[in-house]
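**Student:**
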Amino acid sequence: MGRRTFIAGNWKMNKTIAEAIALVRELRSAVSMVRDRVEIAVAPPFTALHPVAKALEDSNVILAAQNCHAEASGAFTGEVAAPMLKEVGCSYVILGHSERRQLLGETDAGVSRKVAAVLKAGMLPIVCVGETLAEREANQTLSVVEAQVKGCLSGFGKEEGARFVVAYEPVWAIGTGKTATSRQAQEVHAHVRELLRGLWGREAAEAVRIQYGGSVKADNAAELLGQPDIDGALVGGASLKVADFAAIVKAKG
Ligand code: PGA
């Protein structure tokens, strides 16, 4: 349906400023030839956003942040607001990552408020959803993902919704080396698109990019990205090495 593949690197809490600059200098030349086919983003830690933005000027790699606060300013010690991320050059903000849900008590309602803040600041959200191993084994995958999609996204209309990115990241596949099979992933992606159709209608749902995340590597990316409803990848560990990330960017051929 003409959805442009979107590969994003979630660096998590990794890379000093010097390491970050070295990585993106190498990355920008490694992926320069896929300019129109693939949208490429990196999400460094907050401390590296500004230098990375400078190092990516005039490249085809854009900037994302890993989180933000729902308020635009105020007495929230240690937090970073969406307008600050826009100012530093971010186009996207990853929201509701399972590590934040599990370790920091992030909820669907909280993610929904952050989505609103990101939109208001002129950026777009990458909204993460996904089931734990216990939930998958209890056959709750689709219902868990359904509750997350609705809880995070039902407050938004189809005009804005069509530009959102959803990342399906089964918790048991993150950083574990275990990837969902392309069949398992496609099943959930198709379900997510069905839910989006319910929320926003067919046209908007067809426009949303749904990324897969969870141990995406150079050698499994092509198979995953070959599925009809897998429109990209949210890459953790493999985004920290230029060769691995560039190979994923080029995997769709
Ligand atoms: P991983 O992480 O690729 O290291 O499994 C993915 C993510 O958490 O976004």
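Residue numbers for the sequence shown follow this note's numbering, beginning at -15 and rising by one. Note that CB positions come from ideal geometry on N, CA and C, so glycine has one too.
So what's ARG181 in DSSP terms, helix, strand or just coil?
**Tutor:** Looking at ARG181 - three-state DSSP - the assignment turns out to be helix.
**Student:** Enumerate, from N- to C-terminal direction, the unbroken beta strand (DSSP E) stretches of 3 or more residues contained entirely within the region 179 to 224.
**Tutor:** Runs found: 193 to 197, 216 to 219.
**Student:** Using DSSP with H/G/I as helix, E/B as strand and the rest coil, what is VAL22?
**Tutor:** Strand, per DSSP.
**Student:** Buried or exposed: THR61, going by 16 or more other Cβ atoms within 10 Å of its Cβ?
**Tutor:** Classification for THR61: exposed.
**Student:** Pairs of beta-carbons, one from the region 53 to 69 and one from the region 12 to 26, closer than 8 Å: are there three or more?
**Tutor:** In short, these stretches do not touch, since the Cβ pair count stays below three.
**Student:** Using only CA atoms, which one of ARG85, LYS104, PHE140 lies nearest to ILE153?
**Tutor:** The sequence shown places Glu at residue 153, not Ile. When only C-alpha atoms are compared, the closest one is ARG85.
**Student:** Taking three-plus beta-carbon pairs below 8 Å as touching, is the region 11 to 18 in contact with the region 230 to 237?
**Tutor:** With the cut-off at 8 Å, the region 11 to 18 and the region 230 to 237 touch.
**Student:** Would you list, in sequence order, the uninterrupted beta strand (DSSP E) runs of no fewer than 3 residues that lie entirely inside the region 79 to 158?
**Tutor:** Fully enclosed beta strand (DSSP E) runs of 3 or longer: 108 to 113, 149 to 152.
**Student:** Pop quiz: CYS52 and ASP92 are said to be a contact at Cβ under 8 Å. What is the actual Cβ separation, rounded to whole angstroms?
**Tutor:** With 8 Å as the limit, CYS52 and ASP92 do not qualify as a contact, their Cβ atoms being about 16 Å apart.
**Student:** Evaluate the contact criterion for the region 142 to 153 versus the region 189 to 200: three or more CB pairs, one atom per stretch, below 8 Å.
**Tutor:** Yes, they touch.
**Student:** Just list the residues that DSSP pairs HIS175 with in beta bridges.
**Tutor:** Paired residues: none, contrary to the question.
**Student:** Check whether the Cβ of LEU7 lies closer than 7 Å to any heavy atom of the ligand PGA, and answer yes or no.
**Tutor:** No, the Cβ of LEU7 stays beyond 7 Å of every heavy atom of the ligand PGA.
**Student:** On a Cα-Cα basis, can you pick out the residue from ASP203, GLU130, THR160 that is closest to GLY182?
**Tutor:** Among ASP203, GLU130, THR160, the Cα nearest to that of GLY182 is on GLU130.
**Student:** Could you tell me whether the region 2 to 11 touches the region 204 to 219, using the rule of 3 or more Cβ pairs below 8 Å?
**Tutor:** With the cut-off at 8 Å, the region 2 to 11 and the region 204 to 219 do not touch.
**Student:** Who are the Cβ neighbours of PRO35 in its own chain at under 6 Å, not counting the five residues just before and after it?
**Tutor:** The residues are ILE1, ILE5.
**Student:** Any idea if SER96 is buried or exposed, counting beta-carbon neighbours within 10 angstroms, 16 or more meaning buried?
**Tutor:** Result: buried.
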